[in-house]
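Take a look at the structure below.
Numbering (my numbering), first residue to last: -10 to 156.
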């Protein structure tokens, strides 16, 4: 598959991840656009060392870091319910409340833990791919994931339970 087709195939995942990180659809779309422009312009720089997907997410995260360094943090708040698409089937009231609780807890995680958990749990990255995208050693990724999962369990009152969406 040509590189441009592979890049295009990752756009939905890049948008989903950017929206989960930024909690602002417009800013996320701008970030993805910036990432794609850079990826297309530098596609010949990708030498096939690791998955293209990890390279794209690394570009996205580097662009995000650049933007965050240059701009003050906005005070714009978005309801947590707007961050993630709802499941196709209507959930029972109890399940919906539990999902909302997990979403709110995810929003309160430290940024490094949230980025790692979203790549693995939301985007389905392997540990190796996520470590490449985040430019950290695999052991550091594993530590961040463990801390994120434990923090989520504590925040949601599910400490000691391993069943559920925390993968």
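All residues carry an ideal CB built from backbone N, CA and C; glycine is no exception.
In this structure the region 44 to 53 touches the region -5 to 9; the number of beta carbon pairs closer than 8 Å is three or more.
By alpha-carbon distance to residue 56, the top candidate from 38, 21, 108 is 21. Residues of the same chain with a CB within less than 7 Å of the CB of residue 130, apart from the 5 flanking positions on each side, are 105, 116, 119, 120, 123 in chain order. Here DSSP, grouped into helix, strand and coil, assigns residue 1 to helix. In this structure, DSSP gives residue -4 a helical state, which the three-state scheme calls helix. The distance from the Cβ of residue 109 to that of residue 145 is about 18 Å, inconsistent with a contact at the 8 Å cut-off. Distances from the alpha-carbon of residue -4 to those of 30, 16, 42, 19 put 42 closest. Contact annotation: residue 137 and residue 98 have beta-carbon atoms nearer than 7 Å.
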